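This note's numbering puts the first residue of the sequence shown at 209, with every later residue one more than the last. Worksheet: the structure to be examined is printed underneath.
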Amino acid sequence: MCGRFSRDIPWSTLHDALNIIRPAPQNLEPAPDIRPTTQQWVARREGEGFALDQMRWGLVPFWHGGKPLKNSGPGAKDGFNLTTFNARAEEAAKKPVFRGAFARRRCLVPASGWYEWTGDKGAKTKWHFGRIDGQFLMFAGIWDECTTSDAGVVTSFTLLTHDSTGHLTTYHDRAPIVLEPGEWSTWLDPEADPMGLLAPGRAERFEVRQAA
């Protein structure tokens with residue numbers, strides 16, 4: 209599971225890694241505590257490079273089009289009420305809410321790390337997970353788009369997760385999938401079989417520190 213993550217990456221770093229062709233260079237404000245339903249930067253293949261777009265974290269599938277994003281009133285259940293900020297990699301290709309996006313609309317989500325909590329309610333400890341080599345992370349994501357009756361066009365994404373391994377199992381049984389640079393193109397290619405990229409493992413890439 210990944211319900212919070214952080215991003216503190218200079219634009220120049222992302223540009224060098226991705227060859228960003230859209231939008232124009234700008235300052236990316238540090239985002240130390242990113243939460244579901246907020247708008248976040250997501251990378252997609254465009255031409256010979258990548259485009260960065262703002263998307264809602266929490267995937268709303270295309271087939272929700274014409275309905276409201278939020279419930280229309282007290283007691284109403286006509287909004288999109290599923291929890292979709294994470295998608296299990298082993299289920300995403302089959303679940304109706306994710307399978308179209310998994311097949312055709314894959315994306316990359318840049319981050320500095322993610323958070324988990326341990327301990328009893330009221331006395332939990334917050335932990336931050338980042339790369340040992342100090343490089344930024346690129347989460348495997350999928351995206352979708354629909355036109356809602358109250359919020360208009362909603363472009364949204366979710367993060368794929370797999371079973372935790374190694375020292376990560378101490379903190380949670382699931383972890384977001386972090387792709388290496390050599391894997392980005394395969395993940396974004398709708399004709400490629402991505403399943404080999406999603407297998408659990410490689411926990412040794414990550415360090416854990418207590419967060420404030």
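We put the CB at the ideal spot given by N, CA and C, even for glycine. Computed from a predicted model, the values in this text were never measured in an experiment.
R339 places its beta carbon less than 8 Å from that of R413. In chain order, P408 place their CB closer than 6 Å to the CB of D371, counting only its own chain and leaving out the 5 sequence neighbours on each side. For the 8 Å CB-CB criterion, G349 and V250 form a contact. Non-local beta-carbon contacts of L367 in its own chain, meaning distances under 6 Å to residues more than five positions away in sequence, involve C210, N294, F347, G349, P384 in chain order. Close CB contacts of R312 within its chain, under the 6 Å cut and outside five residues either way in sequence, are with P398 (chain order). Taking each of T369, N235, T246, G330 in turn and checking the Cα distance to H380, the smallest one comes out for T369. W392 places its beta carbon 8 Å or farther from that of P402. Here T356 carries a strand assignment [DSSP, helix/strand/coil].
Bounds of the beta strand (DSSP E) holding H336 are 333-339.
Comparing alpha carbon positions, the residue from A301, K302, P389 closest to Q343 is P389.
For T355, the closest of V386, R264, K275, A300 by C-alpha to C-alpha distance is K275. Residue state for L367 is assigned as strand, using DSSP reduced to three classes. The three-state secondary structure of A284, taken from DSSP, is coil. V317 and K285 have their C-alpha atoms roughly 30 Å apart.
The residue among T363, A400, R417, A297 with its C-alpha nearest the C-alpha of V268 is T363.
In the DSSP annotation of this structure, the continuous segment of the beta strand (DSSP E) that includes G257 starts and ends at 257-265. Bridge pairing for N289: absent [DSSP]. Cα atoms of G283 and L277: separation of roughly 15 Å, rounded to the nearest angstrom. Approximately 4 Å separates the beta-carbon atoms of A419 and H336; this is inside 8 Å, confirming the contact.
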